[in-house]
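S.K.: This is the structure, below, for whatever I ask next.
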Amino acid sequence: MLPNPPSGALSRVLRRIGVAVLGVALPLTLAPQDHTSAAAGPIIPLPGNPLAAHPWGVYLGPQDMAWEPWTKATGRKKELLDKIVLQPKAQWYGKWVADRDIADRIHKLVASATGGDPDVMVQMAIFRMVPWEGNDRVCNRLPTTAEVASYKKWVRNAAAAIGSTYVAMILQPDGPFALCAKNGSKLPSRMIRYAAKTFSANPNTTIYIDAGAADWNRSNPKTALKILMPAGISMVRGFAFNSTHYDSVAEEVDYGAAVAQALAEKGILDKHFVVNTSSNGQPFRGYTYKGPDFDNAYTCQDKTQHHCVTLGIPPTTDVANPAWGLTLGQRLKAAAYADGYLWFGRPWLFDQASPFVMKRALTLARTTPWQ
């Protein structure tokens, strides 16, 4: 009996490069050593990627904690910080921005990043859930009625400020925390769903709901679906991985394809993903890390060191490029399902949160193998 043929986006990619679809097993079966001439050749991602349709803006201003130190730097220090500050990155917004202030913050982000050009795309991460992680965990308590009302008001204000701006949005980084909600409550997931519905009503907002990372979820697609389905995945472009982890692009591409295929089996078709590559230049799995404070994991000390934190692949939609070291099977899956490798992590900040740490930032920039 013939193996199940690939379907949907993956089969379209195979047809475009001249691979017969009937009776061909999914590229999940291709071995890592399958570096044939085909593996080195061009594989063009499918058309219709909203991230590839617009230039990406770079925000330069005080909302980026690396910006002010960069303005004061000179010489070699300035050159190294260029590798961080001058990349198109997602600006994070959360509970630290008041309901009444979020619109103004977004207006300033858009003004700087677009320079007034309405065709430019802006990137942001929405991290507004309270409680969520850290000292105030959703595992221990649920949002109060007042917190739910504030969340919805904040989301409405943010959506109104975005308007028709082209935006790539990561919705609620560290998505697996929804699975530990007290007493198994779905309230946090319903709140994310509210945000997904509200933001997706904007004509040019492309949303990716965070679903953790391959290592976080032990590469189990069912875990990602438990996060995504109640959070409104059917209403948005897709999902995001690796926002605060350091897992490899190869692992995330394999996992992302498996999750997209699992969603399709549930009738949720044509979903795509993005991977954070700001911090996985020398990737490692979270459950193998032996040092203290995973959120502030050890940085690489030189370009030859492995399994440590350094800057990864610069932001791009060229997801199937052979330069990224993917196997042929992974490149095919990236072309079919990955919209981009983006920078929505912040490894140059303490605990990936605050404040900016100059020594850490310079080390990340000095040791990256990708720039």
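Residue numbers (the numbering used here): 1 to 371.
Note that beta-carbon positions come from the ideal geometry of N, C-alpha and C, so glycine has one too.
#1: What does the alpha-carbon distance come out to for the pair proline 118 and arginine 156?
#2: Taking 9 Å as the cut-off, decide whether the C-beta atoms of phenylalanine 241 and asparagine 276 are in contact.
#3: Give me the residue from Trp348, Ala335 and Thr317 with the minimum Cα distance to tyrosine 341.
#4: In or out: proline 355 buried (at least 16 other Cβ within 10 Å) or exposed?
#5: Is aspartate 215 helix, strand or coil when you go by DSSP?
#6: Just reading off the beta strand (DSSP E) that isoleucine 192 is part of, what are its end residues?
#7: Under 8 Å, with one C-beta from each stretch per pair, do the region 350-365 and the region 79-91 reach the 3-pair mark?
#8: Per DSSP, which one or two residues make a beta bridge with cysteine 139?
#9: Whole angstroms are fine: how far does the CA of valine 236 sit from the CA of proline 314?
#10: Can a CB atom of chain C be found closer than 9 Å to the CB of isoleucine 207?
#11: Using CA atoms only, rank isn't needed, just tell me which of Pro369, Met169 and Val319 is closest to phenylalanine 344.
#12: DSSP three-state call for asparagine 4: helix, strand or coil?
#13: Residues bridged to asparagine 342 by DSSP?
#14: Taking 7 Å as the limit between beta carbons, can you name the residues of its chain near glutamate 79, skipping five residues before and five after?
#15: Could you name the residues that DSSP lists as bridge partners for alanine 168?
#16: Quick check: the Cα distance between glutamine 33 and serine 248, rounded to an integer number of angstroms?
#17: Do aspartate 295 and alanine 353 count as a contact pair if the criterion is CB distance below 9 Å?
#18: Can you tell me the Cα-Cα spacing of glycine 281 and leucine 228, whole angstroms?
#19: Could you give the distance in angstroms between the alpha-carbon of alanine 98 and the alpha-carbon of tryptophan 154?
M.R.: Taking the coordinates as given:
#1: As a position in the sequence shown, residue 118 is number 118, starting the count at 1. As a position in the sequence shown, residue 156 is number 156, starting the count at 1. One C-alpha to the other measures close to 21 Å.
#2: If you number the sequence shown from 1, residue 241 lands on position 241. If you number the sequence shown from 1, residue 276 lands on position 276. Yes, they are a contact pair.
#3: Translated into the one-based positions of the sequence shown, residue 341 becomes position 341. Out of Trp348, Ala335 and Thr317, Thr317 has the C-alpha closest to the C-alpha of tyrosine 341.
#4: On the sequence shown, position 355 is the one that residue 355 refers to. With fewer than 16 Cβ atoms within 10 Å of its Cβ, proline 355 is classed as exposed.
#5: Within the sequence shown, the letter at position 215 stands for residue 215. Correct three-state label for aspartate 215: coil.
#6: Looking up residue 192 in the sequence shown gives position 192. Per DSSP, isoleucine 192 belongs to no beta strand (DSSP E); it is in the alpha helix (DSSP H), 187-200.
#7: yes
#8: The residue given as residue 139 occupies position 139 in the sequence shown. According to DSSP, which records beta bridges pairwise, cysteine 139 is partnered with nothing at all.
#9: Position 314 of the sequence shown, counting from 1, holds the residue named residue 314. Position 236 of the sequence shown, counting from 1, holds the residue named residue 236. About 25 Å.
#10: The structure shown contains no chain C, having only a single protein chain.
#11: As a working note, residue 344 is residue 344 in the sequence shown. The shortest Cα separation from phenylalanine 344 among Pro369, Met169 and Val319 belongs to Met169.
#12: As a working note, residue 4 is residue 4 in the sequence shown. Confidence at asparagine 4 is low in this model, with a pLDDT of 45, below 50, so its placement is unreliable and the value that follows should be read with caution. DSSP places asparagine 4 in coil when its eight states are reduced to three.
#13: Along the sequence shown, one-based indexing puts residue 342 at 342. The question names asparagine, but residue 342 is leucine in the sequence shown. Paired residues: Asn276.
#14: Locating residue 79 in the sequence shown gives position 79, counting from the first residue. So no residue of the chain qualifies.
#15: Translated into positions along the sequence shown, residue 168 becomes position 168. The partner list for alanine 168 (beta bridge, DSSP) reads Gln123 and Thr206.
#16: Position 33 of the sequence shown holds residue 33. Position 248 of the sequence shown holds residue 248. Residue confidence for glutamine 33 is low, a pLDDT of 44 falling below 50, so the modelled location carries little weight; the figure read from the coordinates is stated next. Each residue's Cα considered, the two are about 17 Å apart.
#17: Within the sequence shown, numbered from 1, the residue matching residue 353 stands at position 353. Within the sequence shown, numbered from 1, the residue matching residue 295 stands at position 295. In this structure, aspartate 295 lies closer than 9 Å to alanine 353 by Cβ.
#18: To locate residue 281, count along the sequence shown from 1; it is residue 281. To locate residue 228, count along the sequence shown from 1; it is residue 228. Roughly 27 Å between the two C-alpha positions.
#19: Taking the sequence shown and counting its residues from 1, the one referred to as residue 98 is at position 98. Taking the sequence shown and counting its residues from 1, the one referred to as residue 154 is at position 154. Using only the alpha carbons, I get a separation of about 8 Å.
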